[in-house]
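I have placed the structure first, in the form of structure tokens, so that the comments after it can refer back to it.
Residue numbers (my numbering): 8 to 77.
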């Protein structure tokens, strides 16, 4: 019903969110104004804390979860 909504990110452009299978971590891609590195993948837990940049080989977008991970 939306009564417990919480803003987990607050950046210029955060897009393509996808929940981990356990429902406790959100992964998304972020674009930052003036950043020449292109979009990058980030994860954040359901509390909105523990924001982490996910290492990638280059530009990254549209994250997804693999069944191979824990």
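Just so you know, even glycine gets a beta-carbon here, dropped at the ideal spot from N, CA and C.
Beta bridge counterpart(s) of residue i as assigned by DSSP
i	result
residue 49	35, 60
residue 78	The question about residue 78 has no answer, for the chain in this structure spans 8 to 77.
residue 26	33
Exposed unless 16 or more other CB atoms sit within 10 angstroms - verdict on residue i
i	result
residue 35	buried
residue 67	buried
residue 62	exposed
Short Cβ contact (8 Å threshold) for residue i with residue j
i	j	result
residue 23	residue 69	yes
residue 37	residue 21	yes
residue 33	residue 26	yes
residue 43	residue 19	no
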